[in-house]
Amino acid sequence: MSGRYRDALDGLAAAVFDGEAGRHRLAPLLARWDDEAAPLRDEDPDYACWQVIRTDWALCDAWTHDARGPGDTWARRAARGQLRGWVPGPDDLALASSVAGLFEVWPGRTPWLRDCIGGLCVGLADPVRLEPTGDDGPAALWEARVVIDGGRAHLCRAPLDYPLEILETVRARQLRRFAPGGRCPSLALLRRARLRWRRAERADAAVMFRLIDQ
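Our numbering applies: residue 44 is where the sequence shown begins, and numbers increase by one.
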């Protein structure tokens, strides 16, 4: 994981969301998260990780409450010098263009990531230790935010593990987008399913994720 991008995200989030003006910017985005994914609870497993994921989403992915067009995020405004009091840093544009997804992690001398939703396939720059699974499939399933630099993906934060048991369900849902009226599951729905699964102790992960649209 790149401490460089982690620290840059933290600094940019503080500049955008701290203070009274920052709370005004953040509040409608948190309401949107609650509607699209799920409200977070203090007792949620991985609560601290979810807080960071939600803040990064509000910064880099969610359109501002007064968006002037597609892709108008607070991170992109900051990178363009459109945030009062903020001098754009060398990594701001990379953060504004970062990719959040649910990635299959394929082992190898250079591990590869495949985004289950967007289809991005890219080698991973960070050294990681992957536990063998006993088959020739992916070694892990991660929600992660990455910056693409030099043809490789750089992790911005420590990834959040999802159970490999859901992969068949996620792939099947992805294929449904080609059917009449079909659509690929969004990352927001996958987040909702993971939150529900972790809250329901001993629940079958595959079953919980099959109920993703409910």
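Virtual Cβ for every residue (Gly too), placed ideally from N, Cα, C.
On a CA-only basis, which of the options is nearest residue i? Give me that one, please.
i: LEU198; options: PRO206, GLU147, ALA187 and LEU233; result: ALA187
i: VAL165; options: VAL190, PHE252 and ALA248; result: VAL190
i: ARG216; options: LEU55, SER140, PHE252 and ARG200; result: PHE252
i: ARG97; options: ALA246, ALA249, ARG234 and VAL250; result: ARG234
i: GLY151; options: PRO170, ALA139 and PRO133; result: PRO170
i: GLY177; options: TRP149, ALA201 and GLY194; result: TRP149
i: TRP240; options: ASP109, GLY180, GLN94 and ALA81; result: ALA81
i: ASP50; options: PRO206, ASP134, THR212 and ARG242; result: ASP134
i: PRO206; options: GLY193, THR212, ARG172 and ALA248; result: ALA248
i: ARG242; options: GLY46, TYR90, ALA56 and ASP192; result: TYR90
i: ARG47; options: ALA236, PRO113, ASP192 and VAL250; result: ASP192
What are the partner residues of residue i, as DSSP defines its beta bridges?
i: ILE191; result: ALA196
i: VAL142; result: VAL189
i: TRP11; result: With the chain covering 44 to 257 only, the question about residue 11 has no answer from this structure.
i: VAL165; result: LEU156
i: TYR90; result: DSSP output for TYR90 lists no bridge partner at all.
i: LEU218; result: DSSP output for LEU218 lists no bridge partner at all.
Rounded to whole angstroms, what is the Cα-Cα separation between residue i and residue j?
i: GLU174; j: ALA182; result: 7 angstroms
i: ASP115; j: LEU72; result: 13 angstroms
i: TRP117; j: THR107; result: 6 angstroms
i: ARG123; j: LEU136; result: 8 angstroms
i: GLY180; j: GLU208; result: 12 angstroms
i: ASP78; j: LEU238; result: 14 angstroms
i: LEU138; j: ALA246; result: 36 angstroms
i: THR153; j: GLY54; result: 30 angstroms
i: GLU244; j: SER229; result: 24 angstroms
i: GLY132; j: ARG119; result: 12 angstroms
i: GLN94; j: LEU203; result: 12 angstroms
i: ARG172; j: ARG200; result: 15 angstroms
i: ALA64; j: VAL250; result: 42 angstroms
i: PRO113; j: ARG214; result: 27 angstroms
Our contact map puts residue i next to residue j with C-beta atoms below 8 angstroms; I'd like the distance itself, whole angstroms only.
i: LEU184; j: LEU210; result: 6 angstroms
i: ALA231; j: ALA196; result: Not a contact, Cβ separation roughly 21 angstroms.
i: ALA121; j: ARG75; result: Not quite, the Cβ-Cβ distance comes to about 19 angstroms (not below 8 angstroms), so this is no contact.
Inter-stretch contact at 8 angstroms, needing at least 3 Cβ pairs: the segment 89-103 / the segment 54-71: yes
Cβ contact (3+ pairs, closer than 8 angstroms) linking the segment 134-146 and the segment 156-168: yes
The segment 76-92 contacting the segment 50-62, beta-carbon criterion three pairs below 8 angstroms: no
Validate contact between the segment 126-134 and the segment 149-158 using beta carbons, cut 8 angstroms, 3 pairs: no
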